[in-house]
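Line by line, the protein sequences are chains A and B. Take the first sequence: its position 114, counted from the start at 1, is 114 in the numbering used here, and no numbers get skipped. Take the second sequence: its position 72, counted from the start at 1, is 72 in the numbering used here, and no numbers get skipped. Note that the Cβ used here is the ideal one computed from N, Cα and C, for glycine as well.
There are 2 protein chains.
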Amino acid sequence: MEILDGKKISNQIKEEITVEVAQMKERGEKVPHLAAVLVGNDGASLTYVGSKVRSCKKIGFESTLIHLPEETTEEDLLKQVHQLNNDPAIDGYIVQLPLPKHIDEEKVLMAVDPDKDVDGFHPTNFGKMALDMETFISATPFGIMELLKRYNVDTEGKHTVVIGRSHIVGRPISILMSQKGKPGNSTVTLAHSRTKNLKELTLQADIVISALGVPRFLKADMVKEGVTIIDVGITRVADDTKEKGYYITGDVDFDNVSKKASFITPVPGGVGPMTIAMLLKNTLLARERHNN
Amino acid sequence: MEILDGKKISNQIKEEITVEVAQMKERGEKVPHLAAVLVGNDGASLTYVGSKVRSCKKIGFESTLIHLPEETTEEDLLKQVHQLNNDPAIDGYIVQLPLPKHIDEEKVLMAVDPDKDVDGFHPTNFGKMALDMETFISATPFGIMELLKRYNVDTEGKHTVVIGRSHIVGRPISILMSQKGKPGNSTVTLAHSRTKNLKELTLQADIVISALGVPRFLKADMVKEGVTIIDVGITRVADDTKEKGYYITGDVDFDNVSKKASFITPVPGGVGPMTIAMLLKNTLLARERHNN
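As structure tokens, then:
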């Protein structure tokens, strides 16, 4: 059994980007500039955005945090978005979700210039991904593909079962895994809440990608010997014995499933850390594409 | 066994549109206007476009055929596309594929205004489809969904195996079948050229959608009793005993597979006739959306 170490790989990727940015600087070129728009004071969102901005600084990117008050109107947010679209200094930006309830999320995401949409959430970028065109692939599925690639996990002709059909993980990863490419060329089954015979399916799977959000849902008796497991679930489980009052767990009963697996991602330290790395990678790509 | 009669249903849809167009006229409203751009003199393309234009006339749409010479430059074609984008008289238009080799097809399709892209080929429309947003779904997958709907085929929780991952059929229908909705909510496996155990998969399928283009590929021993079969393959097989020198056949060994099936589409007369009907439906939707 080999651990797919997202922490290690994400650090590798950040180091690679750091080198590239240093070279850009040496050549006197503009370095990548990521902006993040945060509306309101949601705790988790503050943490995520803060971590993204800190990562930018660490690797030599420029970064801008635009922190707007909770009561910002949709109109004002859209103005901000248009300003970012038109600002040549900004290579890419994200609008941190969720937005306050009085703002139409879809309307805001649709207003983001697809060429600066480093989250890959705009339908144009999603469509390009599905149609094998150059695009920004959103960070979580992009991170999974990169992890499989760096560990040389063989996916061709393998049966991959994806659990969960969300727009940001299950749906895109089911598409990417079945496309031509390496990793890719997998026979993909997309399972979801209406699936009746899930265990029958996962027992056939060479690769299981679980993006369900149900702690320890996937048990050892649901997978076959030698399976590769990608655990995208990240759930906080209340636990008074822990300092923070909770611990983080994935969709997979790691202790037991890992005994049968060839490869497995831990939670935390698997898919999670890859997400910020791939956002930074997309911002670098945005910079390079704007250069061309 | 019940035949999913695409010929009959497509005529029903055309009749329904005819009634709606007549009502638009009575209310003094502009009727839908479809334009088709054809470059060169490819025989099959001339037939398709001709048939689309004739269908428009029959149901009361306005239509414009823009027939450009084979030697048209990419620049001139793009000019034509921009003109159509800016012409308020045109509700929707298609650029008939394939284009001559000296023209970059992707560049042309990307230039089509997504709001007039009634073929649903633009990445923005594809992405909206995949993200459950209002869009134009391309005609063949849209036609399959409509056929399943009108025959009340139960898809929820069923296992659908799609054979073929093309951008215009396999990929989009695999997405649509697994989305929330009726039809929809199916557990979908997408199989393709790299799939190793196809027969094992099709034997599990409640619904098989074959978009492969290999005559009579799907045999009776590959499916289970009670299966629903959607045959998207249309291949011409040379045959001197036929007047035209060929006959049309699908991916499915109809005579034998139909004996095991609950529902099955014939070829010809199944998915094929639905395609033009759904293009007309999209043009009607374009007109209605431009009104709003």
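For Y247(A), three-class secondary structure by DSSP: Strand, per DSSP.
Status (buried if at least 16 other CB within 10 Å, exposed otherwise) for K116(A): buried
D132(B) versus N85(B) - alpha carbon distance: Rounded to whole angstroms, D132(B) to N85(B) spans 25 Å at the Cα level.
Partner residues on chain A for K128(B), Cβ-Cβ distance less than 8 Å: P123, G127
C-alpha gap between R150(B) and G6(B), whole angstroms: 10 Å
Range of the contiguous alpha helix (DSSP H) that encloses Q165(B): The identity of residue 165(B) in the sequence shown is Arg, whereas the question assumes Gln. Per DSSP, R165(B) belongs to no alpha helix (DSSP H) and is neither H nor E.
Chain B contact residues for M133(A), given Cβ-Cβ distances below 8 Å: Per Cβ cutoff of 8 Å: E106, P123.
Contact set between R165(A) and chain B, taken where Cβ atoms lie within less than 9 Å: Within chain B, the C-beta atoms nearer than 9 Å to that of R165(A) come from S178, Q179, K180, in chain order.
Under 8 Å by beta carbon: chain A residues contacting L191(B): Note that residue 191(B) corresponds to Ala in the displayed sequence, not to Leu. Against A191(B), the close residues of chain A are T187, in the order they occur along the chain (beta-carbon pairs closer than 8 Å).
Test item: CB-CB of A36(A) and V49(A) under 7 Å: yes
Buried/exposed call for S55(B), threshold 16 Cβ in 10 Å: buried
is_contact[E156(A), chain B] using C-beta, thresh 7 Å: yes
Under 7 Å by beta carbon: chain A residues contacting K196(B): Within 7 Å Cβ-Cβ: G157.
Proximity winner among G157(B), E2(B), V208(B), K180(B), relative to V252(B) (alpha-carbon distances): V208(B)
Residue environment, N197(B), which counts as buried when at least 16 other CB atoms sit within 10 Å: exposed
Closest Cα partner of P100(B) within the set L218(B), I264(B), T72(B): T72(B)
Whole-number beta carbon distance between L77(A) and I103(A), since they are thought to touch under 8 Å: 6 Å
Local conformation of E134(A) per DSSP, three classes: E134(A) falls in the coil class under three-state DSSP.
Alpha carbon of S174(A) to alpha carbon of L190(A), nearest angstrom: 7 Å
Interface partners of R171(A) on chain B, CB under 7 Å: In chain order: A130.
The segment 275-285 of chain B in contact with the segment 222-230 of chain B per 3-pair CB rule at 8 Å: no
Sequence-distant residues of the same chain with beta carbon closer than 8 Å to K219(B), five excluded per side: D253, N256, V257
Q47(B) to G184(B) span [Cα, whole Å]: According to the sequence displayed, residue 47(B) carries Thr and not Gln. T47(B) and G184(B): Cα-Cα distance of roughly 33 Å.
Reduced DSSP category for D115(A) - H, G, I as helix; E, B as strand; rest coil: helix
Spatial distance of L34(B) from A89(B) (CA atoms): 9 Å
Contact between the segment 210-217 of chain B and the segment 158-171 of chain B (3+ Cβ pairs under 8 Å): yes
Cβ-based burial, E146(A) [other Cβ within 10 Å; buried from 16]: buried
Beta strand (DSSP E) segment containing A44(B), residue limits: First-last for A44(B): 43-59, but that is the alpha helix (DSSP H), not the beta strand (DSSP E).
As assigned by DSSP and simplified to three states, the class of T187(B): Of the three classes helix, strand and coil, the one that applies to T187(B) here is strand, per DSSP.
T275(A) - partner residues in DSSP beta bridges: DSSP lists no partner for T275(A).
Sequence-distant residues of the same chain with beta carbon closer than 8 Å to G233(B), five excluded per side: S210, A211, L212, G213, V214, P215, F217, T249, G250, D251, V252, V267
The beta strand (DSSP E) enclosing S210(B), as first and last residue numbers: 207-210
Local conformation of I66(A) per DSSP, three classes: strand
Backbone CA spacing between T155(B) and I230(B) [nearest angstrom]: 13 Å
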